[in-house]
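Sequence lines, in order, name chains A and B.
Note that my numbering gives residue 503 to position 503 of the first sequence, counting from 1, and the numbers run on in steps of one.
One rule links them: number in my numbering = place in the second sequence (from 1) + 1000.
Ideal Cβ positions, reconstructed from N, Cα and C, are used throughout, including at glycine.
As the structure is a prediction and not an experimental result, all values here were calculated from the model.
First the structure, in the form of structure tokens, and then the observations on it.
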Amino acid sequence: MQPGVLDVNLKMRSFLAAAMVSALAFAPASAQDTSKQGGTLVVSLPGGTPRSLNPAVQSGVATGFPGTQLFTAPLRYDEDWTPQPYLAKSWEVSKDGLKITLNLQENATFHDGKPITSEDVAFSVEVIKEYHPFKSMFEPVTSVDTPDEHTAVLNLSRPHPALMLAMSGQLMPIIPKHIYGDGQDPKSHPRNNQDVVGSGPFKLVEFKPGEHVILERYEGYWEEGLPYLDRIVARIINDSSARAIALQNGEIQMSTFENEPTILSRLKDVEGLTLTTDGYGGVGPIDWLAMNTTRGPLQDVKVRQAIAYAIDKNFMLKALLRGTATEARTGIHPDSPFYNPDVNTYEFDLDKANALLDEAGYPMKDGNRFELNIELPGFPGYKPQTEYVKAALAKAGITVNVRSHPDFPSWAEAVGSMQFDLSFDSVYNWGDPVIGVNRTYLSSNIDKGVWSNTQGYSNARVDELLNMAATENDPEKRKALYKEFQEIVADEVPIYVTNAVPMHTIYSDKVGNPPLGIWASSSPYDKVYLKD
Amino acid sequence: MHLLRTTAIRLFYAVILLMAVLLLNFTMMHLAPGDVADTIAQSMGGADEKVLARIRADYGLDQPFLVQLARYMGGVLSFDLGYSYYHNAPVTQLILQRLPATLLLVFTAQILALILGVILGVISARRPNGILSHFVTFFALFGYSAPVFWTGILLLIAFSLKIQWFPVSGMRDVTIVGGFWTHALDIARHMVLPTLTLSSIFLALYSRLSRATMMETLGSDYVRTAKAKGLTQRQVIYKHALKNALSPVITLAGLQFSAVVSGAVLVETVFAWPGLGTLAFESILVRDTPTILGILFFSALMVIIGNLLTDFALRLVDPRLRARA
């Protein structure tokens, strides 16, 4: 389907199998390039005011941007999903997959000058395991050994390939034990937002909620000559039209996680600005229509398939989303090396939809078969899709009542407690499928609040495949398991996946080396620079 | 003494009203489905059941409604507005950080709207059927009927994009270095568009009202007397008529003060003005009850203070009120 998928897959071969990665392979030839040095980059902070600047206790992209500048992580990723050395200059996965040894940079220091040691890595794992909302990331990590200052060994109870992606900055910041280990609750620690002692390429100058986060080059950063920028000013502009104007007149030079079709099509042709969807595979946001498989007619797979046939995905992509979004077919993001596009696509076919509904035992009476509710989320972006589904399903004799919610909590209450029939939603992969995909499909995760398996979907083979893939260290075998999984869920449609959320990075021509790796703005900006 | 007593009685009613506002809103927020734990989970890209339960336990959201209410009201009575679950900070601190920006915007906009409104009203009252009068009417009604965020975006497109005179958003340019005056000038530049947007709604009201009262006053007996004794039109209007015509306008301005504060919510959001409005907008979306209630509390205070100021202003322009006191 997409260009580049093939070579991405080839590179995947080295993904986990690579037992040793030499730091030499990563010698930054351009690090001493003084022409790139200096300047203040002004960006907009994605997602509004972050609750916390410490990604160990707060997930999400609003924290991800400042968090990954302030704190380093064992690994980093570029656009091809291959792990790169970062704080870990090399690493080793034992043959049985139960030990991961990280060899740390020797001259790395926190922003207060204290050295970053394996103790801090062990402490960070402990805090994340306890306080981070994504429990599946570090659940198999039983302990962390610290044989010396620069070696940390993660001991696992079972092979856990998902850990590789979890060791990136968005999910595994290295935080100082001498600050956060003082006995205060790490969730509400006063140093999460003020006087942050970080470990990353930039240090905190000022965080004003509702206004900005200002970051400054950390002079003691271990990599000579980096970061290039002197300062980053991340402004909080909640109104998307105002953001668009600020991009146009150069007041901000880059904005990430922009996904409003009207704004995107307006900025598409502006001279001096580049729009790209590159860089969102790691976060992996997908839009879909969720169907509650435990209620009424939706229990019948034929009804769910009929709904999929009755919806013209092409119309949604071209007219409603104005061509800004890529099609998606399964719960795994299309940019992921595990994505399998060869599944049932449900090409728009109203006759087939009607036939399936007849077969399922819901004959048409006066143009009507049965009624369903659709929940309209209280967050922006789903009104056109929801109204379209109402109109589209009416043609197949399904009367859809739209129940609109004023805000996120009231929608989350309805969907999270499975009191719904249909609802659009967007769910993020967050790196490895184990973190963001399993939660939607595993039968053990039914009815556990919003963004769990609220569809009530249960299939023993799917459970088995996902659990096998979670502990399979061989990337090829793992890929095959996810391939079969995606075929099954596409056939049984507990969710009808429509598209990758059209997340875009918009940047000015003046920005060199914009963050187009798989984590978008949740990745270190040490190599971002300003052109003259 | 009379003045003090009226003020005291007013303040007493104000406190009762304030408590009622808080009680009502607390109950309403509680009745709405879902809570802040959901939005915290949303901001984190999802959280498992145990994490949600822990958030609710941490903030006492798992307690019965009456316990939560008693805790909150007890806090308020001892001048503690509580802790923002979402923003991880004490509510009073959050609000005090944002209050100056809102006060600056709201008062400047209100004063600008008043002065401009009265001037335009008087000008058009002098020739009620002149071209200028029609122009003022059209312009004022346009400002009044256009949605405030739309006016804001329109001004942005005109003066930040097409002619790049003013910055798009925020209150200051953090890349600027300089002394006090450099920064004051920078804030003034950032203020122009939000102030214009916010005052555009009220300009219409004030100019229409001052036009009407001015026309009425100009037709009254004492104005005819003043003219008869040979005063110039300028003297008649500014020395005699204006003071009389002004008091209904000031009364209206006092009544409109609450509308200015609520208008600020939208204006601040469009211009990313770091005031209470942006905080209110963010907090409502995430269902952060203590912060929303805290903002209501402070807005009510602002309205009360605004009304008291109106009373004093009325006394200034109308000697009869002073005599009664």
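Can you tell me which residues form a DSSP beta bridge with residue i?
| i | result |
| --- | --- |
| A/R217 | A/F202 |
| A/D145 | A/V153 |
| A/K208 | A/H212 |
| A/G512 | A/Y529 |
| A/S426 | A/D287 |
| A/Y496 | A/L289 |
| A/N368 | A/K365 |
| B/P1090 | B/Y1083 |
| A/R235 | A/S44, A/H212 |
| A/A88 | A/L104 |
| A/P159 | In DSSP, A/P159 forms no bridge with anything. |
| A/Q115 | For clarity, residue 115 of chain A is Pro in the given sequence; the question names Gln instead. Paired residue(s): A/T109. |
| A/I446 | A/N453 |
| A/Y382 | Partner(s): none; A/Y382 has no beta bridge. |
| A/T505 | A/T276 |
Enumerate in chain order the residues of its own chain whose CB-to-CB distance from residue i is below 7 Å, with the five nearest sequence positions on each side excluded.
| i | result |
| --- | --- |
| A/G378 | H405, P406, D407, F408, S410, W411 |
| B/Y1083 | P1090, V1091, P1290 |
| A/V462 | Y441, F485, I488, V489 |
| A/K510 | Q253, L530, K531 |
| A/H189 | Y180 |
| A/G210 | T49, I236 |
| A/V434 | S136, A162, A470 |
| A/F26 | Below a pLDDT of 50, predicted positions are generally treated as unreliable, and A/F26, at 44, falls in that range; the measurement from the model is reported next regardless. Contacts found: Q84, P85. |
Would residue i count as contacting chain A if we go by Cβ distances under 8 Å?
| i | result |
| --- | --- |
| B/L1155 | no |
| B/F1065 | no |
| B/L1301 | no |
| B/L1296 | no |
| B/V1174 | yes |
| B/L1061 | no |
| B/S1043 | yes |
| B/D1038 | yes |
| B/D1048 | yes |
| B/V1270 | yes |
| B/A1325 | Only weak support exists for where B/A1325 lies, its pLDDT of 49 falling under 50; the coordinates are left without a value. |
| B/A1278 | First, the residue type needs correcting, since residue 1278 of chain B is Thr and not Ala in the sequence shown. By this cut-off, B/T1278 is an interface position. |
Who are the Cβ neighbours of residue i in its own chain at under 6 Å, not counting the five residues just before and after it?
| i | result |
| --- | --- |
| A/T324 | P261, L264, P502 |
| A/G282 | G431, I518, W519 |
| A/A392 | A310, I311 |
| B/R1315 | L1321, R1322 |
| A/K527 | N513 |
Could you spell out where the beta strand (DSSP E) holding residue i opens and where it closes?
| i | result |
| --- | --- |
| A/V437 | Looking at the DSSP string, A/V437 is not in any beta strand (DSSP E), and its letter there is neither H nor E. |
| A/T537 | Residue 537 of chain A is absent from the structure shown; chain A starts at 1 and stops at 532. |
| A/R403 | 398 to 404 |
| A/N533 | Residue 533 of chain A falls outside the range modelled here, since chain A spans only 1 to 532, and no answer is possible. |
| B/T1195 | Per DSSP, B/T1195 belongs to no beta strand (DSSP E); it is in the alpha helix (DSSP H), 1180 to 1218. |
| B/M1044 | First-last for B/M1044: undefined, no H or E at that position. |
| A/T274 | 273 to 276 |
| A/E139 | No beta strand (DSSP E) contains A/E139, which DSSP labels as neither H nor E. |
| B/F1159 | Element bounds for B/F1159: n/a, residue is neither H nor E. |
Kindly indicate if chain B contains any beta-carbon less than 8 Å away from that of residue i.
| i | result |
| --- | --- |
| A/N453 | no |
| A/D526 | no |
| A/D407 | yes |
| A/S240 | no |
| A/S188 | yes |
| A/Y428 | yes |
| A/H212 | yes |
| A/T256 | no |
| A/Q58 | yes |
| A/S22 | Because the pLDDT at A/S22 is just 41, under 50, the model does not fix this residue reliably, and the value given afterwards should be weighed accordingly. A/S22 does not count as touching chain B. |
| A/P363 | no |
Enumerate in chain order the residues of its own chain whose CB-to-CB distance from residue i is below 8 Å, with the five nearest sequence positions on each side excluded.
| i | result |
| --- | --- |
| B/T1182 | I1176 |
| B/A1014 | A1300, I1304 |
Provide the residue span of the alpha helix (DSSP H) that contains residue i, from first to last.
| i | result |
| --- | --- |
| B/T1291 | 1289 to 1317 |
| A/L123 | Here residue 123 of chain A is Phe; the residue named in the question, Leu, does not match the sequence. Looking at the DSSP string, the run of the alpha helix (DSSP H) that includes A/F123 is 118 to 131. |
| B/V1067 | 1065 to 1077 |
| A/M468 | 460 to 470 |
| B/F1142 | 1131 to 1145 |
(request) With a floor of 4 residues, list each alpha helix (DSSP H) that falls wholly inside the stretch 23 to 85 of chain A, ordered by position along the chain. (result) 61 to 70
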